[in-house]
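Each remark here refers to the structure printed beneath this line.
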Amino acid sequence: MAAAPTYSVTPLAVQSLYPTSYAKDLNNAGQVTGLAYLPNANGATYSFLYGSGNTVNIGGLGGTNPLGNGYSPTDAQAINDVGQVVGGSYSSSYPDIRAFLYSNGQMTDLGTLGGSFSQAYGVNNAGEVVGMSVTAGNKNSATFLYSGGQMINLATLGASFTDVTAINNHSQILGTAGGHAAIFSQGAMTDLGTLGSALSIPAAINDGGQATGYSYTADSFTRAFRYSGGQMIDLGTLGGSYSQGKDINAAGDVVGISNNGIDGFGHGFLYTGGTMYDLNNLVGSSDWLIGEAQRINDNGTILASGCHQQQGCMSLLLSVTSVPEPGSMALTLAGVAVVGAKLRRRRG
């Protein structure tokens, strides 16, 4: 069995205030973006940029959330390595959500493809943004690339996406076309295929063009995949019936969620060196039950979500503490006992 790293767990209690956050993305500098609850504010929320212990409320485009003034008008989705954040925000000039780029303390409305709505989902280090927009007449939607100050309908470039997920630093765009995960690069579409069914769902792409997500198998099970070298590989499960890949780093390591067929809970996983590991086995005596891993950066830091009997549920940062020598099974065997103890405490 390949060696797996061990991790320390840091709860992402933004601003050390009300200890609840729903982080969406993590960059290679360790910055995080997502949604946080304000303390003692009856559920009020805001979208944040977090890094080096500091938190910034990124604000919005001047509009208000229809749910009420206490709710964030902004939905942050992704962050690049220079700290630029993209997503959607209610605008003061229009009643609908607009794609935005937040950079150096300023939020820019990226416009639309002629309609009244747009939403951004991914951004690379050059500030290129991908997302969805309604076209003129507000009857149809299309995928877009925002580059050089212009929003471009991807169909005019030769892409046939029905939705988009991410863009890497080589401007390769990951999305869905014809029910399959697909990559658009240099004017050409590449169908990533499936694991035996008619459907595959993309989640993330690295700079080497490797991608992850999930696909249904021929017997209708959901499986995490890694696409690499022209092949889609089934990553298996933690012993249960399903898995989903959420992110992939430069080393080709994948994180996501799977069940183990024993306790009925979702478990965050790390797939590395050809083996899928339950992250709960890699965090030592931590009292956190890690239910999902959403992101992994090129340093191996993982953005996850988990629950604690006293602290509740929130986003977590898992930082690498050590990488054991290959061939050792002691950590894995000890980890099984740790997970069992966590579940007993949670149920008790």
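Under my numbering, the first residue of the sequence shown carries the number 192, and numbering increases by one thereafter. Positions of the beta carbon are idealized from the N, C-alpha and C atoms, including for glycine. Just so it is clear, the structure is predicted and the values come from calculations on it, not from any experiment.
Rounding to the nearest angstrom, what Cα-Cα distance links G278 and Y228 in this structure?
Sequence index remark: in the sequence shown, residue 278 carries index 87 (1-based). Sequence index remark: in the sequence shown, residue 228 carries index 37 (1-based). Answer to the nearest angstrom: the Cα atoms are 18 Å apart.
The beta strand (DSSP E) with L426 in it runs from where to where?
Here residue 426 refers to the residue found at position 235 of the sequence shown. Segment: none, L426 is in no beta strand (DSSP E) and carries neither H nor E.
Name the residue from G253, L252 and P202 whose alpha carbon lies nearest to the alpha carbon of Y241.
Your numbering for residue 241 matches position 50 in the sequence shown. Of G253, L252 and P202, the residue nearest in Cα terms is P202.
Give the list of continuous alpha helix (DSSP H) stretches no shorter than 4 residues that lie fully inside the stretch 486–512.
Whole alpha helix (DSSP H) segments, 4+ residues: zero.
Quick check on N472: does DSSP put it in helix, strand or coil?
Numbered from its first residue, the sequence shown carries residue 472 at position 281. Reduced to three states, the DSSP call for N472 is helix.
If we ignore side chains and look at the alpha-carbon of each, how far apart do V314 and L217 end up?
Stepping through the sequence shown from its first residue, residue 314 is reached at position 123. Stepping through the sequence shown from its first residue, residue 217 is reached at position 26. So the two alpha carbons sit approximately 12 Å from each other.
Could you check which residue in D444, N450, V445 and Q435 has the C-alpha nearest to that of L429?
Start at 1 with the first residue of the sequence shown, and residue 429 comes out as number 238. Among D444, N450, V445 and Q435, the Cα nearest to that of L429 is on N450.
For F460, which option in L470, G452 and T466 has the closest C-alpha, if you only look at C-alpha atoms?
Taking the first residue of the sequence shown as 1, we reach residue 460 at position 269. Considering only alpha carbons, the answer is L470.
Below 7 Å between beta carbons: does that hold for S391 and H371?
Within the sequence shown, numbered from 1, the residue matching residue 391 stands at position 200. Within the sequence shown, numbered from 1, the residue matching residue 371 stands at position 180. For S391 and H371, yes; Cβs fall inside 7 Å.
Run through DSSP, which three-state label would T255 get?
Numbered from its first residue, the sequence shown carries residue 255 at position 64. Of the three classes helix, strand and coil, the one that applies to T255 here is coil, per DSSP.
Comparing C-alpha positions only, which one of V223, L507 and L301 sits nearest to L252?
Sequence index remark: in the sequence shown, residue 252 carries index 61 (1-based). If we check each option's Cα against that of L252, L301 comes out closest.
Out of C504, D444 and G387, state which residue places its alpha-carbon closest to the alpha-carbon of M423.
The residue labelled residue 423 in the question sits at position 232 within the sequence shown. Among C504, D444 and G387, the Cα nearest to that of M423 belongs to G387.
Determine the contact status of S477 and S212, defining contact as a CB-CB distance below 7 Å.
Here residue 477 is taken as the residue at index 286 of the sequence shown, counted from 1. Here residue 212 is taken as the residue at index 21 of the sequence shown, counted from 1. Result no, Cβ atoms of S477 and S212 do not sit closer than 7 Å.
Considering only their Cβ atoms, is the gap separating A373 from L383 smaller than 7 Å?
Here the question's residue 383 lines up with position 192 in the sequence shown. Here the question's residue 373 lines up with position 182 in the sequence shown. The answer is yes: Cβ separation under 7 Å.
Taking the alpha carbon of G443 as the reference point, which residue from Y462, F308 and S376 has its own alpha carbon closest?
Here residue 443 corresponds to residue number 252 of the sequence shown, with the count starting at 1. Out of Y462, F308 and S376, Y462 has the C-alpha closest to the C-alpha of G443.
Spatial neighbours of Q377 within its chain, please: C-beta separation below 7 Å, excluding the five flanking residues on both sides.
Taking the sequence shown and counting its residues from 1, the one referred to as residue 377 is at position 186. There are no such residues.
My understanding is that G399 touches A194, with C-beta atoms under 8 Å, so please give their C-beta distance in whole angstroms.
Reading the sequence shown from its first residue, position 208 is the one you call residue 399. Reading the sequence shown from its first residue, position 3 is the one you call residue 194. Their Cβ separation, rounded to whole angstroms, is 22 Å, which puts G399 and A194 out of contact at 8 Å.
Need the endpoints of the beta strand (DSSP E) that L240 sits in, please.
Here residue 240 refers to the residue found at position 49 of the sequence shown. Looking at the DSSP string, the run of the beta strand (DSSP E) that includes L240 is T236 to G242.
Spell out the partners DSSP gives H458 in its beta bridges.
Within the sequence shown, numbered from 1, the residue matching residue 458 stands at position 267. Answer is S449.
Where does T385 sit, in a helix, a strand or coil, going by DSSP?
Stepping through the sequence shown from its first residue, residue 385 is reached at position 194. In the structure shown, T385 sits in coil (DSSP, three-state: anything other than H, G, I, E or B).
Might you give, ordered along the chain, the residues of its own chain that have their beta carbon closer than 6 Å to the beta carbon of L365, omitting 5 neighbours on each side?
By one-based count along the sequence shown, residue 365 stands at place 174. Around L365: T356, A357, I374, P393, I396 and A402.
Is it buried or exposed for L508, if we count other Cβ within 10 angstroms and need 16 for buried?
As a working mapping, residue 508 is identified with position 317 in the sequence shown. L508 should be labelled buried.
If you follow the beta strand (DSSP E) that S309 is in, where does it begin and where does it stop?
Here residue 309 corresponds to residue number 118 of the sequence shown, with the count starting at 1. Where S309 is concerned, the enclosing beta strand (DSSP E) stretches over G305 to V314.
What did DSSP end up calling R535 once you bin it into helix, strand or coil?
Taking the first residue of the sequence shown as position 1, residue 535 is located at position 344. Only weak support exists for where R535 lies, its pLDDT of 44 falling under 50; the value from the coordinates is given anyway. Note: R535 maps to helix in three-state DSSP.
Report the start-end ranges of each alpha helix (DSSP H) in the stretch 316–369 that is 4 residues or longer and not cut off at the edges.
Fully enclosed alpha helix (DSSP H) runs of 4 or longer: not present.
Alpha carbon to alpha carbon, how far is V527 from D454?
Here residue 527 is taken as the residue at index 336 of the sequence shown, counted from 1. Here residue 454 is taken as the residue at index 263 of the sequence shown, counted from 1. For V527, the pLDDT reaches just 44, beneath the cut-off of 50, and the residue's location in the model is therefore unreliable, although a value from the coordinates is still provided. For V527 and D454, the distance between alpha carbons rounds to 12 Å.
Given N344, which residues of its chain have a CB within under 7 Å of its CB, disregarding the five upstream and five downstream residues?
Looking up residue 344 in the sequence shown gives position 153. Excluding sequence neighbours, N344 sits near L304, A333 and F335.
Since P202 is in the beta strand (DSSP E), which residue starts that stretch and which ends it?
In the sequence shown, counting from the first residue as 1, residue 202 sits at position 11. Segment T197 to P202, the beta strand (DSSP E) holding P202.
Spell out the partners DSSP gives S376 in its beta bridges.
To locate residue 376, count along the sequence shown from 1; it is residue 185. Note: S376 sits in a beta bridge opposite A379.
If distances are taken between C-alpha atoms only, which option among S362, A389, T353 and G436 comes closest to S411?
For the purposes of this step, residue 411 is taken as the residue at position 220 of the sequence shown. It is A389 whose Cα lies nearest to the Cα of S411.
For P393, which beta-bridge partners are listed by DSSP?
Looking up residue 393 in the sequence shown gives position 202. Looking at the DSSP assignment, P393 forms a beta bridge with G404.
Count the other C-beta atoms from every protein chain shown that fall within 10 angstroms of the C-beta of S190, then say buried if there are 16 or more, exposed otherwise.
In the structure as shown, the chain begins at 192 and stops at 539. Residue 190 is therefore absent and cannot be evaluated.
By alpha-carbon positions, which one of T347, G261 and V247 ends up nearest to M298?
Taking the sequence shown and counting its residues from 1, the one referred to as residue 298 is at position 107. Checking every option, the nearest Cα to that of M298 belongs to V247.
Quick check on L301: does DSSP put it in helix, strand or coil?
The residue you call residue 301 lines up with position 110 of the sequence shown. It is coil, neither helix nor strand.
For Q363, which residues of its own chain have a beta-carbon under 8 Å away from its beta-carbon, when the five flanking residues on both sides are left out?
Within the sequence shown, residue 363 is the residue found at index 172, counting from 1. Once the five neighbours on either side are set aside, the close Cβ partners of Q363 are I374, F375, S376, I396 and G400.
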